[in-house]
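Protein chains: 2
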Amino acid sequence: MLEMRNLEKLYQMGDVEVRALDGVSLTIAEGEMVAIMGPSGSGKSTMMNIIGCLDQPTRGTYHIFGQEVSRISEREQARLRNREIGFVFQSFNLLPKLTALQNVELPLIYAGAGAKERYETARQTLIQMGLEQRIHHRPKELSGGQQQRVAIARALVNKPSLLLADEPTGNLDSHSSVEIMAIFQQLNRQGITVILVTHENDIAAYTKRIVRFLDGKVVVDQKIEQN
Amino acid sequence: MLEMRNLEKLYQMGDVEVRALDGVSLTIAEGEMVAIMGPSGSGKSTMMNIIGCLDQPTRGTYHIFGQEVSRISEREQARLRNREIGFVFQSFNLLPKLTALQNVELPLIYAGAGAKERYETARQTLIQMGLEQRIHHRPKELSGGQQQRVAIARALVNKPSLLLADEPTGNLDSHSSVEIMAIFQQLNRQGITVILVTHENDIAAYTKRIVRFLDGKVVVDQKIEQN
Ligand SMILES: Nc1ncnc2c1ncn2[C@@H]1O[C@H](COP(=O)(O)OP(=O)(O)OP(=O)(O)O)[C@@H](O)[C@H]1O
Ligand SMILES: Nc1ncnc2c1ncn2[C@@H]1O[C@H](COP(=O)(O)OP(=O)(O)OP(=O)(O)O)[C@@H](O)[C@H]1O
Ligand SMILES: [Mg+2]
Ligand SMILES: [Mg+2]
Chain A
137 MLEMRNLEKL
147 YQMGDVEVRA
157 LDGVSLTIAE
167 GEMVAIMGPS
177 GSGKSTMMNI
187 IGCLDQPTRG
197 TYHIFGQEVS
207 RISEREQARL
217 RNREIGFVFQ
227 SFNLLPKLTA
237 LQNVELPLIY
247 AGAGAKERYE
257 TARQTLIQMG
267 LEQRIHHRPK
277 ELSGGQQQRV
287 AIARALVNKP
297 SLLLADEPTG
307 NLDSHSSVEI
317 MAIFQQLNRQ
327 GITVILVTHE
337 NDIAAYTKRI
347 VRFLDGKVVV
357 DQKIEQN
Chain B
137 MLEMRNLEKL
147 YQMGDVEVRA
157 LDGVSLTIAE
167 GEMVAIMGPS
177 GSGKSTMMNI
187 IGCLDQPTRG
197 TYHIFGQEVS
207 RISEREQARL
217 RNREIGFVFQ
227 SFNLLPKLTA
237 LQNVELPLIY
247 AGAGAKERYE
257 TARQTLIQMG
267 LEQRIHHRPK
277 ELSGGQQQRV
287 AIARALVNKP
297 SLLLADEPTG
307 NLDSHSSVEI
317 MAIFQQLNRQ
327 GITVILVTHE
337 NDIAAYTKRI
347 VRFLDGKVVV
357 DQKIEQN
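Sequence lines, in order, name chains A and B. Quick note, the first sequence lines up with residues 137 to 363 if you use this note's numbering. Quick note, the second sequence lines up with residues 137 to 363 if you use this note's numbering.
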């Protein structure tokens with residue numbers, strides 16, 4: 137489903153070169169559920185952004201659904217981002233002037249859904265996240281964990297085939313985290329490929345493979361026995 | 137050092153009243169180290185904002201350093217916020233156009249420190265956070281955990297007598313979290329009062345008292361044996 141070869145991402149800061157990714161090769165098959173771990177600053181979000189077609193590598197190649205992303209048209213990349221990929225961002229990236237409901241409706245607008253269907257689907261997804269009483273709140277009228285759950289709802293609402301979640305439980309208590317991971321596992325059983333970044337071993341335990349980063353490289357790549 | 141009595145914080149959303157705080161009474165003595173826990177949306181950040189003089193309750197009283205905050209002048213509240221209180225926000229609140237170093241220098245500007253001293257103090261605090269190589273990066277050129285550590289550095293740089301940290305390790309790997317908690321414990325041993333919100337039991341274990349919220353109320357308030 138997706139294959140990265142020798143990915144590098146370099147930033148030039150004056151005369152210092154920051155190697156955010158320093159030669160990453162990784163293949164993830166359809167239907168896998170993978171945890172990406174590693175210290176702060178080791179390149180996890182950078183790789184997630186490249187996987188999600190939101191950023192381009194400096195060197196190396198990236199194939200998704202059999203196509204090399206640097207050769208795909210802008211229009212097709214946008215289609216992939218909006219229809220095939222759901223992304224939960226580390227900093228949520230909710231639109232501050234829209235309500236929770238409107239934020240979750242956005243991907244459905246791109247997908248061409250009608251107003252009534254959009255409203256109902258967005259609302260149901262927010263209810264699934266425990267946010268029924270908060271659908272008309274704007275982000276600043278929500279707690280941190282509520283904003284995180286809106287970001288998760290938005291990523292799921294289009295039923296993407298690839299779900300990318302960058303620290304999706306960072307602001308959630310253990311009860312909400314367990315609920316979110318149960319939802320992710322259920323989606324994975326339905327065939328959705330799930331890649332999530334986490335710092336927590338408890339969360340990684342819900343996945344079937346752990347990939348560890350250090351200084352922009354993959355240093356561990358291990359299948360795990362699930363309980 | 138700080139005393140809250142019957143605090144309420146209510147938001148009117150159309151014809152629905154949201155009770156973010158629903159009668160909270162809490163006393164925290166100088167030199168304590170307290171963990172605030174509880175489900176997403178239970179009122180923790182709301183209470184932290186009131187403690188930090190960033191928000192006013194709808195009802196109830198709040199005394200800090202022996203003064204009732206609603207009776208303190210705007211000018212004195214600003215002085216408390218800038219000189220006595222260090223706040224690590226759940227969403228960091230870094231200024232996007234400033235570098236890490238400039239963000240950390242801000243409280244020192246309020247405190248009237250000279251340029252050379254500011255630069256050096258801010259830089260040392262960032263080095264203590266493991267960010268020596270990132271001091272001239274702007275927030276969008278930093279990883280999530282690096283931004284969180286800049287927010288922590290900014291809260292500490294003025295040597296406040298009260299440190300408020302709202303989920304300070306949410307984006308940090310366990311190694312960085314251990315380092316941050318060691319710093320907080322060291323500050324506490326020097327006499328600084330530390331109140332931190334966390335979802336993680338491992339982090340709460342570094343403190344001496346756990347206060348649990350549920351639906352805007354305190355439901356547990358328990359001293360803990362430290363290891
Ligand atoms: N400006 C606002 N208008 C309306 N409701 C609000 C506003 N700010 C917060 N709330 C509501 O108040 C409640 C408490 O919010 P708060 O941010 O204190 O929760 P929290 O305990 O910090 O949660 P989390 O662990 O998710 O960060 C939430 O249900 C939230 O939706
Ligand atoms: N625009 C940029 N310019 C310069 N350096 C950058 C930029 N974006 C990221 N970096 C650097 O690249 C490195 C990797 O960042 P990345 O966000 O991928 O880390 P991460 O593994 O997600 O960390 P965290 O766990 O803290 O979220 C970091 O050291 C960061 O400072
Ligand atoms: Mg990251
Ligand atoms: Mg909060």
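Even glycine gets a Cβ: it sits at the ideal position worked out from N, Cα and C.
From which residue to which residue does the beta strand (DSSP E) around Ile200(B) run?
Arg195 to Ile200
Please tell me whether Gly222(B) and Arg348(B) are closer than 8 Å, where the distance is taken between their beta carbons.
Gly222(B) is not a Cβ neighbour of Arg348(B), given a cutoff of 8 Å.
Which chain A residues sit within Cβ distance under 8 Å of His311(B)?
Going along chain A in sequence order, the residues near His311(B) (Cβ under 8 Å) are Pro175.
If the cut is a Cβ gap below 7 Å, which residues of chain A does Gly306(B) touch?
Gly306 and Asn307
Among Ile319(B), Gln269(B) and Val355(B), whose alpha-carbon lies nearest the alpha-carbon of Met169(B)?
Ile319(B)
Segments of 4+ residues assigned as alpha helix (DSSP H) that fall wholly inside the region 300 to 361 of chain A
310 to 325 and 337 to 340
Is Asp338(A) buried or exposed, if buried means 16 or more other CB atoms sit within 10 Å of its CB?
exposed
Cβ-Cβ distance between Gly281(B) and Asp309(B) below 8 Å:
yes
Where Lys145(B) and Arg155(B) are concerned, what is the direct C-alpha to C-alpha distance, given to the nearest angstrom?
6 Å
According to DSSP, is Thr257(B) part of a helix, a strand, or is it coil?
helix
Neighbour flag for Gln358(B) against chain A, beta carbons, 8 Å
no
The alpha helix (DSSP H) enclosing Asn239(B), as first and last residue numbers:
Ala236 to Tyr246
Is it true that the region 238 to 247 of chain B meets the region 214 to 230 of chain B, where meeting means three or more beta-carbon pairs spaced less than 8 Å apart?
Touching, yes.
Please report the Cβ distance between Pro296(B) and Ile328(B), rounded to the nearest whole angstrom; I am assuming they are in contact, meaning their Cβ atoms lie under 8 Å.
7 Å
Please report the residue range of the beta strand (DSSP E) in which Asn142(A) lies.
Leu138 to Met149
I'd like to check one pair, Ile331(A) with Ile172(A): are the Cβ atoms closer than 8 Å?
Contact flag set, yes.
Do Asp302(A) and Gln213(A) have their beta-carbon atoms positioned less than 8 Å apart in this structure?
no
8 Å Cβ cutoff, Ser209(B) in contact with chain A:
no
Would you report the Cα separation of Leu234(B) and Arg274(B), rounded to the nearest angstrom?
6 Å
Straight-line CA distance for Leu138(B) to Val355(A)?
48 Å
Quick check on His311(A): buried or exposed, where buried means 16 or more other Cβ atoms within 10 Å of its Cβ?
The residue is exposed, with fewer than 16 neighbouring Cβ atoms inside 10 Å.
Are the Cβ atoms of Gly196(A) and Met140(A) separated by less than 8 Å?
yes
Chain B contact for Gly281(A) (CB, 8 Å cutoff)
yes
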